[in-house]
Structure formats: C-alpha cells, structure tokens
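Chains as they are written, first to last, in the numbering used here: chain A, 753 to 1095; chain B, 753 to 1095.
2 protein chains.
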Amino acid sequence: MRSNGAVSARDVAEAAGVSRTAVSRTFTPGASVAPATRAKVMAAAELLGYQVNNLARGLTRAESGLVALIVAELETPYRALLVSALTSKLQAAGKVAMIINTDRSDASVDAALRQAIGYRTDAAIVLSGMPDRALAELCQRNGLRLVLINRDEELPGAVRIRLDDEQAGATAARTLLRVGCKRPALVMSASATVSLAARARGFLDALSGEGIDPMVAIDGPTHYKTGLALGTDILSRADRPDGVFCVTDLIAFGVIDAARQRFGLRVPEDLSVIGFDDVPQASWEAYNLTTFRQPIPGIVDACVDWLSRPLDETSAKTVYLSADITWRTSVLSLSQRATSTTA
Amino acid sequence: MRSNGAVSARDVAEAAGVSRTAVSRTFTPGASVAPATRAKVMAAAELLGYQVNNLARGLTRAESGLVALIVAELETPYRALLVSALTSKLQAAGKVAMIINTDRSDASVDAALRQAIGYRTDAAIVLSGMPDRALAELCQRNGLRLVLINRDEELPGAVRIRLDDEQAGATAARTLLRVGCKRPALVMSASATVSLAARARGFLDALSGEGIDPMVAIDGPTHYKTGLALGTDILSRADRPDGVFCVTDLIAFGVIDAARQRFGLRVPEDLSVIGFDDVPQASWEAYNLTTFRQPIPGIVDACVDWLSRPLDETSAKTVYLSADITWRTSVLSLSQRATSTTA
DNA sequence: CCGAGGATTGCACAGCTGTGCATCAGGCTG
DNA sequence: CAGCCTGATGCACAGCTGTGCAATCCTCGG
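What follows is the structure in structure tokens.
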C-alpha cells in the first residue's frame, strides 16, 4: 500500500503467497494460470479489495479503454440523448467515456483534443465544433481515432457520420405543400452548423423548384427563445405564413408557443409546424410535433462498431444515415384540411 | 515513437538534444529549468506534437485528475443540466470527468465504483443509486473520495449534499392553501428516492397540520408519461383537486397536459400546479410552471470545492442547500383569484 | 520406471513520467 | 583571482502492470 493508499498487485501477491506475475495473469483473460493459484489470488484480491490499475495497464497496452466525447451545451435535449446513448453503448463495449466540454470555438476544440491525447484516449468523438486540420493530423500521429458527427470537412484518418439533412429539408417542403400550405416559411438559428445549413438548403431548393419563394427568418442561437422570438416576428407580418419548417425541435416549440400564446392561433389548423430531432418533448401532448427522427441508435452503432474495428483502413470514410419523419399532429392532415376548409 | 504511435518525452529529449528529465521539468510547473533549455524543449515538443502522458503522470503522483460521475438516465433534463454544469466546473478546476452509467440497481452502482477505482479516479460523484457500505469502505481504502448528491445514508468518508426537500414540500402545501385551494393533491412517482420521499413528506405533514387529508397518486417512473397518467386519473374523479404538487417538473408537465388536453381545464384558473427542479422547459410559455429551483451552482461548487480541499478531514460531512421557489403563472395569484371568483 | 511434452511460474524488462540526490557550471563577492 | 553559493542538469529509482523467455513441475505414455 502506497502513499496514495491504493492496493497494488504486489500487495495481493504477498497476501496470496505467489508472484506478482501470477496476479497479473489472473486478471488477464486467456493467460495461463493454474486453477488453484487463480483461486488463491482471487481470494486475496477480494479480501484486500484489489482492482487492476487501468492507468498502468493503458501504459503497456496499445489501448487505454478511454474514449473522449467532445461536446458543447450538453444540457440540450438532443445532445443529452446522444451522449447518454453513446456512453451506455461504449460502456457495454468495455470502454469508458470522458466528457470534454467546449464553447464551440475552434480553439477550445483544439484544447479538448490535446487533453484527449494527454490521456491517451483510444478515440475522440466530436459532437460540436470542428477541429483544426493540423490537430487532426496530430491525433492521427498519436494513434487517436477521430469520429466526426455531423461535421462537414473531410479530415485525414477521421470517420464522418452524416445525415441526409438536405433530403429531410426537401421532404419538409413537399409535406407542407401537399397539405395545402400556401405560404411556407423557414425558421432557423444563426449558428452556421453544416447540418442546419443543409436542412435549410434542401427546404429552400425544393420550394424554389416549385416556383415558391418562402419567408425566411434567421437569428440567434439554437434555443427555444430563438423560436419564440422569430415566431413572434414572422406571425406579426401581414402575409403571415401558414406552414413552418424549423431546423430544430427547440425552435419549433418556440414557434408553436408564439402562435398559440401570443396570436391565439391554432396548430395545425392555422399553422402547420415541422421540426427536426424528435426530442422527447416532441411527443408531449402540448406540442405533438411532427418532426424528423435523429437515428441515434444508428449513430451510436456506427461509432462503436468503427472503434472496435482494427485500424488497418486508415482511409477517411463517411457513414450516411437517414432521418425519417415521425408523424404527429402539428401538421394538418389531408382529412383535417377537408373539414377545416368546409367549416 | 512506439507501436502505439504516441510521441513520448524521450522522443522530445532526443530531438531537443537534452535529457528526458529536462523535458519532464519543462512541463512541471515550478520545476527548475533554464529559459534556454525550456525554449528548446518547447520548440521540439511543438514540432513533434508532444503531449504529456497523463496516465503515466497519474501513476507517480497521488492524483490522476480523473473524476467519475455515476449517473442513471442522463438524458433527463435535470440530470443533463447537472452533469453539464459539473463537467464544466471540473474542467475549469483542471480535472476531467468520466461518465459511468448505471441502471440504478445497487449492483450496477457497485460495478461503476469498481471501475472508478480501476482508473484511480480522484473522486466519484454519485447522482443515482446508492453504493453498498462495503464498497464505500473499499473506496476509502483506495483513496477515492465519495460525494453523494441527494442520497440519504451516511457513509464512511463520504460527503453528502442535501436539499431541504421537506421544507420545500411544506412551502408547496402552504402556497396552495394560501391561494385558496380547497382540495390539494400530491402526484408522485413510485421510485423511492430519498429526496422525492422527503418532498412528499413535507407536503403531507404540512397539510395534516391544517387538518387536511389530500388526495395522493403514486405510480410509475419519474417521467412525463407518469404525470400524464396520474393526472388523468385524479382529474377524472368526482372530487377533482384544484391544486397539485408534483415531486418533479416532468410529472407536472404531464399533469398540466392531462388537465388541458383531456379535460379542457385551465391552468391555473381551474388547477394550480407546482413542480420541482426548475428544468428549462418550466419556463416555456406552454407551461410557465411555478417550481422549486435546484441550486445547481451551489451543488457544483460544493462538489468541486470539497474535491480540491486536502483530505485531512475524513469525517463524514453534510452540506445543506435550499431550493427556492420560482414564481411563474401555473399557480393562481391572489389577485387572479379575486377576479376569477367574482367572474 | 523413465522420458517427453505441455502447463505453470517467475525473472526481468518495457512502457512513461516525476523527483531526490549528486554533480557541475557559472556568477558574484571579497 | 579564489571561494562560495545558487541554479541547472542528469542519473537512477519509484510507481504499476503486461509479457517474452527460460526454468520448473506435473502428467501421461511407453
């Protein structure tokens, strides 16, 4: 027992009357130990409360078992959902996740990656911000795998997981038109994430293909309050929209509340709303939001599968996943439309 | 450069033409290095992309810089908020948080703690579940500090952070009575957490002090759906309550939605609702929930302060914090009451 | 009963860093 | 110019584990 107080393999060896090597072999799967020796070691370990030191183990082995999750605004529903799923799945795969917060600036992402390298993390999963190209090469040189979720740029030795955001945007546009919306609108935050931009582009392109030039509101961070403010803005104009695609559920909730609480409008009779993420709140009865479901199990599986695969294929690879629509009642159905027009 | 591919201090030493010790001293604050040597080392380190190996550093030093967060259902708004704040503050204090999920069973909490010991974590912060007494002693023997947030049992060498849940419950009861509620009710999940039980007890005791025996609904997990189901239940009874205290915001949202969507009731005119946690959704206009604010900054500060303090005081200690009420519009105000009764 | 072969075990080293101790250089003072 | 003191540097070891290699033990077959 050292100054730290932690019990080491040597302590167990002494207590069990065997060599330290025997202790190490007992806790190494597939190593050759006699049943009797193993039993003695296990008994002594249990008595002393021995736990293999993963730090020292990571020093010798190529893998430390640590995976860094680099994320901003973890308290956001979608992020929390993804991080929860990721940590669980990593844990089931025998790894352990460490959280490194960023403020989304590139500098802080770089600092986060340096910290990950400092802990000899097996991999870093980037959920927010974008690492510098030089940093990505540094990671590669240090044997740290890089996973980029919904990031655009192609980086050496990194795998990207992307959604078909653009197609989802187009689907949102076609859906609003199909249920009879004459004045569709787009509500969007000003944070220029690639996936948000792609959703907007898909929406706008599909509409301009139909010769429609929709109202567009862009401002603020990707929060509820942004939706509330922008919703209040667009609904107070003369040519008030009758259908909105919000690039995020949080924004959609804000828009819905603006419509109901501040203008006395009905959703979906007066205003159809489509969101994106399928956050838990989307199924709450106050909202019942029709939205695109983030394929979280798919994202998580792609991450963990790729991490447990050998490192041979250093070629940058991209995994594409699709976000399907979840139908609820925030969009006018065709039958509803029939009754509401006759009424 | 080893098989791992990571660059070590020896590589930097060779490149800079100095001893490895000089490299180590360059990255150790307060060590004695000549400015010229330091400059050479820094240049070589920058060139090669060297990052001090925290695993090896943690092997020598008493502290690893790692802190384990043991938590269940991280995707829940309150948990996500707390974990986000904790990781940020820990990071600012030079530590890094690792997440260990549990399914709330005692066995999984024990496994989580063993894993934390395996990584020679400086501390473990338990947000969910309750560690076994033997495990707590094991932690203490291994030099691992234990922080229990809203857990009840007193454990050797552990610090507890508690809220005055009972008093909050009493305040909720008095508040409902003061605004004129005649038939207060309690809605509660069946998961027997200490803090939830204390809130309920405070509420019930205060009411029975006034000679009132309120309606009580208990069932299910601490989710929105539980509130929806229990709300539907109590509101369909003959002596429908006119005021509800929900032990959690999520449950309160369910109750509000049940009242509005399924019974056409108005909140607060027909039903006053009080929650607990002050989750972000509580301030959304669809709910505007009057609720007790979790003192998250206080909790986080207490954790981190205690972790950065020396280990002398091994006495079990308890930090008490208070949850103040946040007034919104889900409770009838006295002026509203005047107008609504005259109307 | 003896030899061979396989299973076990222990030694010693690698992996990376921090640090006590001794050494050495250099500057300042007398 | 000599001596002393301070600051810088390097050696060697500690900290904990995994593993190659050699030695040893046991068992089984002849």
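For glycine and all other residues, C-beta sits at the position ideal for the given N, C-alpha and C.
When Cβ-Cβ separations below 8 angstroms define contact, Phe1005/A makes contact with chain B. Beta-bridge annotation (DSSP): Ile1003/B is not paired with any residue.
CA-to-CA, the gap between Ala949/A and Arg1018/A works out to about 29 angstroms. Taking the CA atoms as reference points, Gly932/B sits about 41 angstroms from Val911/B. The DSSP-derived three-state label of Ser857/A is coil. Residue state for Val819/A is assigned as strand, using DSSP reduced to three classes.
Checking the DSSP bridge columns, you'll see Leu915/A partnered with Leu1073/A.
Excluding sequence positions up to five before and after Glu905/B, its CB lies within less than 7 angstroms of the CB of Met882, all in the same chain and listed in chain order. The Cβ of Val759/B sits closer than 8 angstroms to at least one Cβ of chain A. For Leu807/B, the neighbours in chain A by C-beta distance under 7 angstroms run, in chain order, Leu807, Gly810, Leu811, Ser816, Tyr871, Arg872. Against chain B, a Cβ distance below 8 angstroms from Leu826/A picks out Ala832, Val835, Ser836, Thr839.
Taking 9 angstroms as the cut-off between beta carbons, the residues of the region 999-1024 of chain A near chain B are Phe1005, Gly1006, Ile1008, Asp1009, Ala1010, Arg1012, Gln1013, Arg1014, in sequence order.
Assignment of Arg1045/A by DSSP, reduced to helix, strand and coil, places it in the strand class.
Boundaries for Phe1028/A: no alpha helix (DSSP H) harbours it, while the beta strand (DSSP E) harbouring it runs 1024-1029, taken from the DSSP string. Between Trp1036/A and Phe1005/B, the C-beta gap is smaller than 8 angstroms, which places the two residues in contact. Per DSSP, the unbroken alpha helix (DSSP H) holding Ala952/A starts and ends at 946-961.
Put simply, of Val878/B, Ile964/B, Ile901/B, Thr778/B the residue whose alpha carbon is nearest the alpha carbon of Cys891/B is Val878/B. If you ignore the 5 residues before and after Ile1048/B, its C-beta comes within less than 8 angstroms of the C-beta of Leu833, Leu834, Ala837, all in its own chain and listed in chain order.
The C-beta distance from Ala969/A to Asp994/A rounds to 15 angstroms, too long to fall under 8 angstroms, and the pair is not in contact.
Taking CB atoms only, Gln867/B has a neighbour in chain A less than 8 angstroms away. Taking 8 angstroms as the upper bound for CB-CB distance, Ala920/B and Gly954/B are in contact here, some 6 angstroms apart. Taking the Cα positions, Ala868/B is about 9 angstroms away from Leu821/B. The region 854-869 of chain A makes no contact with the region 858-876 of chain B, as fewer than three CB pairs between them are under 8 angstroms. Apart from sequence neighbours up to five positions away, the residues of its chain that approach Val1056/B with a beta-carbon distance below 7 angstroms are Lys841, Leu842, Ala845, ordered along the chain. Cα atoms of Thr839/B and Val804/B: separation of roughly 22 angstroms, rounded to the nearest angstrom.
Contact note: Met850/A reaches chain B through Val848, Ala849, Met850, using a C-beta cutoff of 7 angstroms and chain order. In the displayed model, Gly810/A falls within a helix according to three-state DSSP.
At least one C-beta of chain A is nearer than 8 angstroms to the C-beta of Val804/B. Neighbours of Trp1058/B in chain A, taken as residues at a C-beta separation under 9 angstroms, are lacking, since the least C-beta distance is about 18 angstroms.
The beta-carbon distance between Ile851/B and Leu826/B, rounded to whole angstroms, is 7 angstroms. This is short enough to meet the 8 angstroms contact definition. With distances taken between CA atoms, Leu1073/A lies nearest to Leu915/A out of Pro781/A, Gly810/A, Lys792/A, Leu915/A. Using a CB distance below 7 angstroms, the part of the region 877-911 of chain A facing chain B consists of Leu890, Arg893, Asn894, Gly895, ordered along the chain. Beta-bridge pairing by DSSP links Val899/A to Ile877/A, Val911/A.
Ala990/A sits in coil when the DSSP states are folded into three classes, being neither helix nor strand.
Look at Ala783/B: its C-beta is not under 8 angstroms from any C-beta on chain A.
Straight across, the Cα-Cα distance linking Ala768/A with Thr773/B is about 37 angstroms.
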